[in-house]
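For reference, the structure is listed below as structure tokens.
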Amino acid sequence: MKMLKKLLAIVLTGAMALTLLTACGGNAVRDKNIADALNDIAKAKGEKVTFTPRAKERELAKKIAELSEKERSKTKEDGNNKLPKKVMEILGLNKGGANEESCFVWYGAVFADEIGAAGQAYNVMNNTLSKNAANADKLTGKKPADIRYMGTALGTITGLDGKQTTVRIIVVTAEAK
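Mapped onto my numbering, the consecutive letters of the sequence shown carry residue numbers 154 to 330.
Right, dumping it as structure tokens:
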């Protein structure tokens with residue numbers, strides 16, 4: 154019996170050690186995890202919106218993440234309320250772009266290092282989705298649909314200390330109704 158207890162203790166210790174190595178940090182978070190956490194937050198706030206991961210938005214987020222930091226940053230020409238020119242083009246929000254007047258588009262980036270899906274979703278909800286869509290001024294009189302499609306990709310930014318930090322680029326769209 155003592156031997157069985159010792160063996161069980163070793164097996165449980167090994168299992169616990171493996172759970173520590175299952176990449177529970179920010180980089181292991183997937184779009185579905187973020188969508189589930191956003192849905193939970195929306196439900197808690199009493200909002201009747203649903204977040205659904207979709208490949209189209211994931212591709213947009215990947216393209217933005219592939220841009221250099223300089224191309225993702227605002228310039229004087231972009232103005233205070235506009236996204237950088239390259240980002241506008243990728244999102245189809247430039248003049249004559251695919252999404253300019255057909256759907257609401259939100260874009261943002263949140264820190265991904267050392268926080269899980271819930272932390273990233275909370276930051277997305279408060280720092281990106283709480284603001285007007287990037288093209289809301291062109292969709293006056295319309296409202297975003299309750300189904301919100303989203304996609305994410307990991308990118309990096311350089312902090313003031315010169316160190317690279319992982320960020321999650323997020324793109325959310327909703328049909329204009």
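By construction, the Cβ of each residue, glycine as well, lies at the ideal position given by its N, Cα and C atoms.
| request: Determine the extent of the alpha helix (DSSP H) in which Arg183 is found, giving its start and end residues. | output: On the sequence shown, residue 183 is found 30 positions in, with the first residue counted as 1. Bounds of any alpha helix (DSSP H) do not take in Arg183, whose DSSP letter is neither H nor E.
| task | May I have the straight-line CA-CA distance separating Lys316 from Ala274, to the nearest angstrom? | result | As a first step, residue 316 is located in the sequence shown; it is residue number 163 there, counting from the start. As a first step, residue 274 is located in the sequence shown; it is residue number 121 there, counting from the start. Each residue's CA atom was taken as its position, placing Lys316 and Ala274 some 24 Å apart.
| message | Could you compute how far the alpha carbon of Lys330 sits from the alpha carbon of Val258? | response | Translated into the one-based positions of the sequence shown, residue 330 becomes position 177. Translated into the one-based positions of the sequence shown, residue 258 becomes position 105. Rounded to the nearest angstrom, the two C-alpha atoms are 13 Å apart.
| Whose C-beta lies closer than 8 Å to the C-beta of Glu226 among residues of the same chain, with five residues either side of it excluded? | For the purposes of this step, residue 226 is taken as the residue at position 73 of the sequence shown. The residue asked about is misnamed: residue 226 is Ser in this sequence, not Glu. Taking Ser226 as the centre and dropping the five residues before and after it, the same chain places the C-beta of Pro237 closer than 8 Å to its C-beta, in chain order.
| Does the beta-carbon of Asn288 have 16 or more other beta-carbons within 10 angstroms, so that it is buried, or is it exposed? | On the sequence shown, residue 288 is found 135 positions in, with the first residue counted as 1. When all chains shown are included, Asn288 counts as buried.
| query | Where DSSP assigns a beta bridge to Thr251, which residues make up the other side? | reply | Residue numbering aside, residue 251 sits at position 98 when the sequence shown is read from its first letter. At residue 251 the sequence reads Ala, which differs from the Thr that was named. According to DSSP, Ala251 bridges with nothing at all.
| said: If I measure Cβ to Cβ from Asn247 and keep anything under 8 Å in the same chain, skipping five residues before and after, which residues do I get? | reply: If you number the sequence shown from 1, residue 247 lands on position 94. For Asn247, where only same-chain residues beyond five positions count, the Cβ hits under 8 Å are Lys238, Met241 and Glu253.
| task | Determine the DSSP secondary structure at Ala298, reduced to helix, strand or coil. | result | Here residue 298 refers to the residue found at position 145 of the sequence shown. Coil, per DSSP.
| From Lys185 to Ala271, what does the alpha carbon distance come to, in whole angstroms? | Here the question's residue 185 lines up with position 32 in the sequence shown. Here the question's residue 271 lines up with position 118 in the sequence shown. Whole-angstrom Cα-Cα distance: 12 Å.
| request: Would you tell me roughly how many angstroms separate the C-alpha atoms of Leu220 and Ile243, rounded to the nearest one? | output: Locating residue 220 in the sequence shown gives position 67, counting from the first residue. Locating residue 243 in the sequence shown gives position 90, counting from the first residue. Distance between Leu220 and Ile243, taken at the CA atoms: about 10 Å.
| message | As a quick exercise: from Ala327, Glu328, Thr326 and Leu307, pick the residue whose alpha carbon is nearest that of Glu222. | response | In the sequence shown, counting from the first residue as 1, residue 222 sits at position 69. If we check each option's Cα against that of Glu222, Leu307 comes out closest.
| query | If you count every other CB in all the chains shown that lies within 10 Å of the CB of Leu313, and 16 or more means buried, which is it? | reply | Along the sequence shown, one-based indexing puts residue 313 at 160. Counting Cβ neighbours within 10 Å, Leu313 comes out exposed, since fewer than 16 surround it.
| message | So the candidates are Lys295, Tyr260 and Asn276; which of them puts its Cα closest to the Cα of Glu210? | response | As a working mapping, residue 210 is identified with position 57 in the sequence shown. Closest option to Glu210, Cα to Cα, is Tyr260.
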